[in-house]
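Peer 1: Just so you know, the sequence shown maps onto residues 7 to 723 in the numbering used here. Built from N, CA and C at the ideal position, the CB exists for glycine as well. Have a look at this one before I ask anything.
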Amino acid sequence: MPAYRTDLDGLRGIAITLVACFHIWFGRVSGGVDVFLTLSGYFFIGSLLRHAIHSQAVHVTWRDTVDPWPRLKRLLRRLLPALMTVLLAVTILTLVILPQTRWVNVGNELIASALYYQNWHLAFNSQDYLAASSANSPLQHIWSMSVQGQFFVVTLLTALAFAGLLKLMARFVSRFAEPAVIRALVAGAVIAVAAVSFYWAHMRMGVNQQFNYYDTLSRLWEPLAGGLLAIWLPKMRIPNWIRNVAAVVALGLIISCGWWIDGVDSYPGPLALVPVVSTMVIIWAGATALQRPRRRHAANAAESQAMPAVNRFLAASWPVWLGTVAYSLYLWHWPLLIFYLTWRDKDHANFFEGVGLIAVSITLAWLTKRYIEDPLRGGGRSTLTRGRRDGRSRWLGYTSVVTTVLVVGTLFTGVGIKLWDRHVSNIVVDTANLDPRLYPGGRALLHGTPVPALDPQPSALNVTKDFPETSTDGFMSDFNDPDIHVGTYGDPTATRTLALIGGSHAEMWVTALNLLGKRNHFKVTTYLKMGCPMSTELVPKQAGVPYPQCHDWVMRVMKKVIADKPDAVFTNSTRPRDYEPGDWVPPTYTPIFDEFIEAGIPVLGIRDTPWPHNAQGAIDSPTCLADGGDAESCGTNRSLALAPDDPAKALAATRPMFHALDLSNGVCSADLCPAVAGNITVYKDWHHLSATYVRSLTDELGRQMGLAIPWTGPAAH
């Protein structure tokens with residue numbers, strides 16, 4: 007067996023230090039996680055390879071060769087105690103610190119983390135892993151634990167099946183029992199899978215990097231690269247100065263790569279080779295041909311004589327100690343940071359706050375390892391629990407108590423999350439018939455209607471379910487749905503038809519259009535897709551991710567709408583600017599308008615409403631309100647969100663069949679776009695109006711539409 011490598015414990019300590027410091031102070035990815043993945047592959051695949059070789063011995067039974075439970079049990083004892091401890095703490099802190107609007111999301115992530123699919127949960131929800139802020143999930147960092155857990159289980163089952171197959175084949179061809187043959191076969195399989203994974207990671211960077219960052223297949227090559235060293239570690243005699251130089255360069259790259267590589271945009275693509283190969287170099291530089299000593303202090307003595315200076319530095323007491331608590335420290339530091347920032351209503355920690363967070367994290371990590379990990383990992387009677395005088399262990403020992411607390415606490419947490427999730431899911435938002443004298447909504451801004459002192463409706467928790475009709479009726483195509491789902495609203499028997507087309511910012515107006523159609527006897531047909539405004543952009547993006555399905559859908563919808571021959575179309579005419587204040591008409595919108603006009607179909611272009619934000623970034627209005635904010639503190643400065651005049655007016659001046667609609671004065675005052683207006687919560691999420699608030703704008707929308715196309719508004723009466 008190989009000698010115990012305390013320097014690799016120290017490398018873990020350096021890696022976790024980098025991870026914590028970069029998260030807390032610099033808002034960047036350090037490359038430390040890639041070090042962890044590489045080391046995990048080196049140790050785990052090395053262990054499985056030794057098992058595969060040993061299992062070919064005649065005295066090793068078939069059961070011992072293929073039975074996964076002994077190793078899986080050790081794996082669970084090593085991973086679960088600390089994870090469950092942190093998850094229980096996160097549950098309590100979520101209830102105490104986070105607003106109720108975030109409970110369901112955190113609850114779903116608690117389950118995903120406990121079951122080791124958090125990386126997939128984040129991938130499918132496209133969450134950025136950037137600088138920490140109070141809006142980040144306290145469990146976002148568990149993605150890497152999920153990747154490692156999936157790697158461990160799949161690799162374990164594959165390796166045991168492979169060992170069993172070798173044992174069977176060795177009965178007929180004895181060479182399959184030879185260590186050199188086994189190493190060659192394993193190396194070939196690892197290289198093949200790693201090559202596929204590396205290609206996949208590189209290729210997916212240009213397709214969907216946010217998903218790619220969390221994708222297990224994209225990350226698989228990193229632990230497999232470490233595993234290759236466990237299979238074949240060069241042992242040729244290399245001058246010590248070359249090993250020293252290589253180790254110094256490798257450690258320097260690991261420490262510095264977080265500064266000059268944008269990990270979120272680049273990992274796990276080719277640039278991830280920097281921390282991965284650097285880790286491999288340090289493993290190689292410190293390798294010796296010594297057999298594993300029985301005692302760790304003997305290993306230390308051997309290492310001190312044979313290892314390069316960098317490896318001896320890594321084998322020093324403080325890096326090694328940090329390495330021993332690295333797992334717990336990784337689990338603790340991120341949620342403590344997020345909860346602290348939320349509690350203080352900040353997006354960044356200063357130097358002194360960061361030092362305090364690191365100190366608390368290290369303390370909790372040591373306590374977790376000392377009193378949770380070590381006793382439960384040992385399996386039997388804890389060293390913290392003395393036996394009875396008759397030699398038998400106490401029935402209610404320390405280990406059994408801790409295990410019971412974790413298991414019962416986790417079960418209650420899971421049940422509580424499900425009950426809360428069901429409670430929120432069953433909330434019925436019944437605000438269709440609010441008294442306009444008590445809840446004037448947009449009318450308060452438009453006409454100065456008096457606003458009595460009442461709690462806003464829907465509440466911050468309820469408003470998140472205040473969807474437009476098309477969402478609940480199933481007429482909104484999601485991101486992966488290429489089909490066109492046509493819904494019918496307003497007066498379905500009417501002879502005139504208004505087509506509502508575009509993305510979710512067009513969809514949110516269906517609530518008012520449905521009422522206007524019933525009043526003025528016109529039919530509303532809907533052609534809607536998530537995140538897909540009517541644009542000729544060839545490669546549109548959704549949250550920074552290429553969204554080519556949108557362009558294809560827009561082209562097909564445009565042809566279908568023209569073929570359906572509505573009497574008018576209704577869609578968005580503007581969009582917020584990305585990097586400067588105000589809004590504009592994207593040049594890719596104009597050809598769409600012209601296409602309909604050339605077909606003889608008038609266009610009603612509605613100006614997009616402000617996307618709530620302030621100097622610190624985007625605002626999730628319901629969460630801001632639930633966290634104690636008010637209409638003003640959760641609102642948006644109008645001059646940041648809107649140009650002084652509707653940018654679409656210039657189009658209307660040159661195109662008689664294009665009509666610009668602008669309800670900005672129903673959403674904003676002269677200076678502020680508030681989060682609550684007229685006792686109605688304006689937004690249901692980050693940037694969509696609540697259906698209740700849209701309903702309060704129905705009369706003004708109808709007035710403007712009637713001035714443009716008489717049969718759509720009050721002029722039709």
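Alpha carbon to alpha carbon, how far is R189 from Q156?
Peer 2: Going from the Cα of R189 to the Cα of Q156 covers about 23 Å.
Peer 1: Per DSSP, G508 is paired with what?
Peer 2: In DSSP, G508 forms a bridge with L534.
Peer 1: Ignore the nearest five residues each way along the sequence and tell me which others in T476's own chain have a CB closer than 7 Å to its CB.
Peer 2: If we look at T476 and ignore the five residues flanking it on each side, its Cβ neighbours are M482, G493, E513, V516, T532, L534.
Peer 1: So for H339, helix, strand or coil by DSSP?
Peer 2: The answer is helix: DSSP assigns H339 an H, G or I state.
Peer 1: Spatial neighbours of I22 within its chain, please: CB distance less than 7 Å, with the 5 preceding and 5 following residues excluded, ordered by chain position.
Peer 2: Once the five neighbours on either side are set aside, the close Cβ partners of I22 are G38, L328, A332, L335, Y336.
Peer 1: In angstroms with no decimal places, state the Cα-to-Cα distance between P552 and L78.
Peer 2: When rounded, the distance between both Cα atoms is 40 Å.
Peer 1: Cα separation between Y377 and L648?
Peer 2: Cα-Cα distance, rounded: 56 Å.
Peer 1: Check the DSSP bridge columns for L452 and list the partner residues they point to.
Peer 2: Partner(s): none; L452 has no beta bridge.
Peer 1: Around the Cβ of L89, are there at least 16 other Cβ atoms within 10 angstroms (buried) or fewer (exposed)?
Peer 2: Buried is the call here.
Peer 1: Can you list, in chain order, the stretches of the alpha helix (DSSP H) that have 4 or more residues and sit fully within the segment 545-570?
Peer 2: You should have 554-570.
Peer 1: Mind checking G16: buried by the 16 CB within 10 Å criterion, or exposed?
Peer 2: Result: buried.
Peer 1: Between P240, L279, V112, L277, which has its C-alpha nearest G292's C-alpha?
Peer 2: Among P240, L279, V112, L277, the Cα nearest to that of G292 is on P240.
Peer 1: I want to know whether the segment 219-235 touches the segment 41-56 - three or more CB-CB distances under 8 Å.
Peer 2: Yes, since at least three Cβ pairs between the segment 219-235 and the segment 41-56 fall closer than 8 Å, the two stretches touch.
Peer 1: Per DSSP, V609 is paired with what?
Peer 2: Its beta-bridge partners are V575, F664.
Peer 1: So for H60, helix, strand or coil by DSSP?
Peer 2: Note: H60 maps to helix in three-state DSSP.
Peer 1: Considering V492, what are the terminal residues of the beta strand (DSSP E) in which it resides?
Peer 2: V492 -> beta strand (DSSP E) spans 492-496.
Peer 1: Inspect the CB distances between the segment 596-610 and the segment 649-668 and report whether three or more fall short of 8 Å.
Peer 2: Enough Cβ pairs lie closer than 8 Å, so yes.
Peer 1: Does the segment 29-46 come close enough to the segment 275-282 that 3 or more CB-CB pairs lie under 8 Å?
Peer 2: As far as the Cβ criterion goes, the segment 275-282 touches the segment 29-46, which means the pair count is three or higher.
Peer 1: Please identify the residue among P456, D705, I237 whose C-alpha is closest to the C-alpha of N520.
Peer 2: Of the candidates P456, D705, I237, the one whose C-alpha sits nearest the C-alpha of N520 is D705.
Peer 1: Evaluate contact between the segment 571-588 and the segment 605-621, counting only Cβ atoms and requiring at least three cross-stretch pairs below 8 Å.
Peer 2: Taking 8 Å as the limit for Cβ pairs, the verdict is that the segment 605-621 does touch the segment 571-588.
Peer 1: Take P587 and list the residues in its own chain whose beta-carbon comes closer than 7 Å to its own, dropping the five residues that flank it on each side.
Peer 2: Around P587: S645, L646.
Peer 1: Would you identify the three-state DSSP class for I20, choosing helix, strand or coil?
Peer 2: In the structure shown, I20 sits in a helix (DSSP, three-state: H, G or I).
Peer 1: Using the beta-carbon count (16 or more within 10 Å), is K547 buried or exposed?
Peer 2: The residue in question, K547, is exposed, as its Cβ has fewer than 16 Cβ neighbours within 10 Å.
Peer 1: From which residue to which residue does the alpha helix (DSSP H) around M175 run?
Peer 2: Start and end: 149-176.
Peer 1: In three-state terms, what does DSSP make of G623?
Peer 2: Residue state, collapsed to three classes: strand.
Peer 1: With distances taken Cα to Cα, identify the nearest neighbour of L544 among P314, T100, C556.
Peer 2: Considering only alpha carbons, the answer is C556.
Peer 1: First and last residue of the alpha helix (DSSP H) that includes L373?
Peer 2: That run of the alpha helix (DSSP H) goes 357-374.
Peer 1: With DSSP as the reference, please indicate the residues paired to A683 in a beta bridge.
Peer 2: BP columns for A683 point to I686.
Peer 1: Out of V560, N578, K571, point me to the one whose CA is closest to P488's CA.
Peer 2: The candidate whose alpha carbon is nearest that of P488 is V560.
Peer 1: Excluding sequence positions up to five away, which residues of its chain have a Cβ less than 6 Å from the Cβ of S150?
Peer 2: Around S150: V39.
Peer 1: Using the Cα positions of S224 and H127, report the straight-line distance between them to the nearest angstrom.
Peer 2: Using only the alpha carbons, I get a separation of about 15 Å.
Peer 1: What does the alpha-carbon distance come out to for the pair P726 and A683?
Peer 2: One cannot answer for residue 726 here, as it falls past the ends of the chain, which runs 7 to 723.
Peer 1: Name the one or two DSSP bridge partners that Q5 has.
Peer 2: Residue 5 is absent from the structure shown; the chain starts at 7 and stops at 723.
Peer 1: Does the count of Cβ pairs from the segment 94-112 and the segment 463-470 closer than 8 Å reach three?
Peer 2: Contact holds: three or more Cβ-Cβ distances are below 8 Å.
Peer 1: Once you ignore the five residues that flank Q710 on each side, which residues in its own chain have a CB closer than 8 Å to its CB?
Peer 2: Correct list, in chain order: L667, D668, L669, G719.
Peer 1: Return the residue from the list V287, H527, N125 that minimises the CA-CA distance to V251.
Peer 2: Taking only the C-alpha atoms, the option nearest V251 is V287.
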